[in-house]
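Below is one structure, written out as structure tokens, with a few remarks after it.
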Amino acid sequence: MSVNLSSRAKRTKPSATLAIASRAKQMKAEGIDVVDFGLGEPDFETPAHVKEAAIQAIREGFTRYTPASGIDELKEAIITKLKRDNGLSYRLEEVMVSCGSKHSLFNVAEALFESGDEVIVPAPYWVTYTEQIRLVDACPIIVQTSEEEKFHVTRRLVEPAITPRTKAILLNSPCNPTGAVIPHDQLGAIAALAVERDLFLISDEAYESLTYDGRAHVSIASLDEETKRRTILVNTVSKAYAMTGWRIGYAAGPAELIKAMGAIQSQVTSNPTSIAQKAAITALLGPQDHVRAMRAEFDRRRRYLVGRLNTIPDLRCANPEGAFYVFPNVSGFYGRTANGHRIRNSTEMATYLLQTAHVALVPGVEFGSDAHLRLSYAAPMETIVKGVDRIEGALRMLCR
Ligand SMILES: Cc1ncc(COP(=O)(O)O)c(C=O)c1O
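The opening position of the sequence shown corresponds to residue 1 in the working numbering, with each subsequent residue numbered one higher.
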């Protein structure tokens with residue numbers, strides 16, 4: 001019997017990054033030495049004291065349902081973190097915990113958007129935003145940032161995209177995939193725009209702990225009370241604490257919205273995993289030195305990778321300001337051939353590099369920019385050196 005899928009299911013693309021990861025995994029299982037630049041997760045271990053907190057929670061029998069929107073103790077830890085790192089004050093009813101920040105973002109979409117509402121999404125964007133917005137029958141409105149302007153989101157870019165149907169502006173700083181950090185003056189200008197046009201701001205701050213060259217992360221909600229009232233801040237323990245598998249993310253925002261998101265979550269997943277919640281408390285409140293150590297190591301890799309990539313003729317790689325990705329422009333190679341096949345776009349380039357050089361990376365088209373590729377440097381330095389050697393060799397083999 002053929003399954004008559006819903007139109008929603010039919011139009012939802014599976015996560016491209018996860019798809020590449022599973023293809024690379026399959027090649028590795030076949031014994032092929034694949035260098036994997038596809039991953040969106042730190043290659044570091046979850047800190048030992050965080051693991052220990054979860055083990056202790058198991059021993060103490062903290063293994064049952066918790067309140068659907070998370071335990072108060074974790075909400076308090078999040079409130080402490082938001083005060084400590086972001087200068088923000090929230091009450092318990094303004095915070096909720098979900099199964100990763102991807103889930104937090106989906107709760108926001110479910111609770112806030114009506115069919116036909118427009119949400120402004122600056123490109124290049126994280127692949128999930130547009131799919132989640134479409135899943136709730138709303139409409140992502142893409143505004144294109146440019147490499148020449150360091151992929152910075154500006155009021156000048158956003159303002160012309162606003163229509164009477166616009167409900168929210170989605171911001172992701174530092175950005176996956178470009179690493180761009182929105183400059184302070186533009187944060188202010190975008191916040192003012194949101195106030196003037198009565199829009200919500202959704203601020204995904206998953207990579208806040210990874211900024212480079214002396215840049216500091218600023219939460220847009222911390223600019224002033226009027227901005228805070230219309231901002232839903234979303235963050236996660238996944239990246240800062242190397243806890244991708246634990247699935248703990250959180251949202252902070254207007255109590256009315258958080259309550260609605262909590263009600264939805266209670267009907268969909270119930271609570272995030274009890275023992276992971278305990279671990280997240282320790283991550284947020286415990287020593288933060290490993291976060292700094294991880295950032296220093298990522299920075300070392302970033303400098304190497306950007307430097308090396310920019311020595312490859314016809315390739316251009318902007319210096320990412322945050323996160324753990326580089327986003328080189330490879331369009332200078334489009335039109336060249338490999339074994340008689342012409343490479344015309346980022347998907348064909350990624351396929352070529354996987355098949356020929358055994359390097360896994362994500363085509364930029366998935367993030368809304370077909371001129372680019374996304375490479376994650378969440379891999380040991382030796383792997384990065386090997387991978388970039390291979391990329392260079394494969395690109396040099398292309399014929400004009
Ligand atoms: C920009 C961005 N936001 C959110 C997430 C989701 O992280 P998690 O669901 O693990 O909290 C990711 C993961 O790759 C991301 O890149």
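All residues carry an ideal CB built from backbone N, CA and C; glycine is no exception. A quick note: this is a predicted structure, and the numbers were derived from the prediction, not measured.
Does residue i come out as helix, strand or coil in the three-state DSSP assignment?
| i | result |
| --- | --- |
| D85 | helix |
| Y90 | coil |
| R400 | coil |
| I32 | coil |
| P14 | coil |
| E147 | helix |
| M243 | coil |
| Y125 | coil |
| Y250 | strand |
| Y404 | What the structure shows of the chain is the stretch from 1 to 400, and residue 404 is not part of that stretch, so it cannot be assessed. |
| T130 | helix |
| I281 | helix |
| V359 | strand |
| D204 | strand |
| A54 | helix |
| I258 | helix |
| I162 | coil |
| S274 | helix |
| E118 | strand |
| S98 | strand |
| I232 | strand |
| A378 | coil |
| H49 | helix |
Tell me which same chain residues have a C-beta within less than 6 Å of the C-beta of residue i, skipping the five on either side of it?
| i | result |
| --- | --- |
| F151 | T145, T178 and A180 |
| A53 | K278, A279 and T282 |
| L236 | Just to set this straight, residue 236 is Thr in the shown sequence, not Leu. Once the five neighbours on either side are set aside, the close Cβ partners of T236 are S101, A206 and G249. |
| R197 | I162 |
| H217 | E208 and T211 |
| A318 | E147 |
| S173 | V181 and I182 |
Counting only the same chain and skipping the five closest in sequence on each side, list residues whose C-beta sits under 8 Å from that of residue i.
| i | result |
| --- | --- |
| T128 | S15, K102 and L105 |
| F200 | L112, K167, A168, I169, A194, R230, T231 and I232 |
| F333 | D314, L315, I343, M349, L395 and L398 |
| C99 | R247, I248, G249, T269, P272 and T273 |
| R23 | L354 and A360 |
Between which residues of its own chain and residue i is the CB-CB distance below 7 Å, once the five residues before and five after are set aside?
| i | result |
| --- | --- |
| A378 | L39, E41, P42, D43 and F324 |
| S369 | A123 and P124 |
| T383 | V35 |
| I142 | V121, A123 and G368 |
| L353 | V359, L361, I391 and A394 |
| E110 | V136 and I264 |
I need the residues with a C-beta less than 6 Å from some heavy atom of ligand 1; please give them in chain order.
With the cut-off at 6 Å, the residues found are G40, G100, S101, K102, W126, N172, N176, D204, A206, T236, S238, T244 and G249.
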